[in-house]
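Top line first, the protein sequences correspond to chains A and B.
So for the first sequence, the numbering used here puts the first residue at 16; every next one is plus one.
So for the second sequence, the numbering used here puts the first residue at 650; every next one is plus one.
Remarks on the structure that follows.
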Amino acid sequence: DGGITQSPKYLFRKEGQNVTLSCEQNLNHDAMYWYRQDPGQGLRLIYYSQIVNDFQKGDIAEGYSVSREKKESFPLTVTSAQKNPTAFYLCASSIRDRGLEETQYFGPGTRLLVL
Amino acid sequence: QKEVEQNSGPLSVPEGAIASLNCTYSDRGSQSFFWYRQYSGKSPELIMFIYSNGDKEDGRFTAQLNKASQYVSLLIRDSQPSDSATYLCAVTVIYNQGGKLIFGQGTELSVKP
Chain A
16 DGGITQSPKY
26 LFRKEGQNVT
36 LSCEQNLNHD
46 AMYWYRQDPG
56 QGLRLIYYSQ
66 IVNDFQKGDI
76 AEGYSVSREK
86 KESFPLTVTS
96 AQKNPTAFYL
106 CASSIRDRGL
116 EETQYFGPGT
126 RLLVL
Chain B
650 QKEVEQNSGP
660 LSVPEGAIAS
670 LNCTYSDRGS
680 QSFFWYRQYS
690 GKSPELIMFI
700 YSNGDKEDGR
710 FTAQLNKASQ
720 YVSLLIRDSQ
730 PSDSATYLCA
740 VTVIYNQGGK
750 LIFGQGTELS
760 VKP
C-alpha cells in the first residue's frame, strides 16, 4: 500500500531532551513537509524539502531541525531549544501537478507531549 | 490581515441540509485552492482542489472559486452526521522559491441527526 507513515503516534519529551519524529513515504513524491498544529489552530509550516539533500525553513523553524538524506524519509528533530513543543505534528508529501501548484497528502500525525 | 481566513464556527446544520463553508484569501496571485477535512484527533484528508473560477462538483461536494472576490467556498449537499469535522481551506501562495500552502484555521461543522 502506498502512503505516508509517521512514528511514533505519541511521544513524550522530558525537559532538555531532543526527540526525533519519523516520516516515511513510498509515494515517490519529491517534496515533503512538516507542520505543527495547536488546538483550534490551522497548520503552521516548520520545514520543507523539495529534493533530496535540500530543505528550507518554514514559518516556525526555530527549535527544530530536519534532514533529507533519502527521498522517502524526512525526520524532524524537536530540540531542547523549542520551549513549547506540545502539539500535533503532521508530515505531508506532494508531487507537482502543474508548475508551482502542489497537492499535499498527510501522514497520520504524531502527538508530542512534554512530561 | 491573515493570508487565509475562515469562520471558526462551529457551524451547525441539520441532517440532509446544505452546509456552506467559506474562505477568503489575501494573495491575488494564488492559483490553487484546496479543501481538507479533519476529524478530531486525526490528520487532514484532501476533499477537493480547484484551480479555475466557477464550480467544481464531486459527489455531494461542490467547490466554488471567485478569484475577483478572493473567495472560495465548499458546499456539502445532503449533509450527514459523518460529515461532522473541521474543514481546512488551503491556498497556494507564491514566493521567490516557489509556492507553498497556507492554511486557514478551519471551520468546525456539526451535522445534527
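Ideal Cβ positions, reconstructed from N, Cα and C, are used throughout, including at glycine.
For A/ASP45, name the three-state secondary structure that DSSP assigns. coil
Contact with chain B by A/PRO90, beta-carbon distance below 8 Å: no
A/ILE75 lies in the beta strand (DSSP E); which residues open and close that run? Element bounds for A/ILE75: n/a, residue is neither H nor E.
Determine the extent of the beta strand (DSSP E) in which A/LEU130 is found, giving its start and end residues. That residue, A/LEU130, is in no beta strand (DSSP E); it is neither H nor E in DSSP.
Identify the continuous beta strand (DSSP E) that holds B/GLN729 and give its terminal residues. Unbroken run through B/GLN729: none, as it is neither H nor E.
When you compare the CB of B/LEU737 with every CB in chain A, is at least one pair closer than 8 Å? yes
Any idea which residues DSSP pairs B/GLY703 with across the strands? Answer by DSSP bridge pairing, in chain order: B/LEU714.
Would you call the CB atoms of A/SER4 and A/GLN40 closer than 8 Å? In the structure displayed, chain A extends from 16 to 130; residue 4 of chain A sits before or after that span and is not available.
In chain A, what lies closer than 9 Å to B/PHE683 by C-beta? THR118, GLN119
Throw me the rounded Cβ distance for the A/PRO90 and A/SER37 pair, which I believe falls under 8 Å. 6 Å
Using the beta-carbon of each residue, which ones in chain A are nearer than 9 Å to B/LEU714? Near B/LEU714 there are no residues of chain A at all, since even the closest Cβ is about 13 Å away, more than 9 Å.
How would you label B/PRO762, buried or exposed, when you count the other beta carbons within 10 angstroms and need 16 or more for buried? exposed
Status (buried if at least 16 other CB within 10 Å, exposed otherwise) for A/ALA96: exposed
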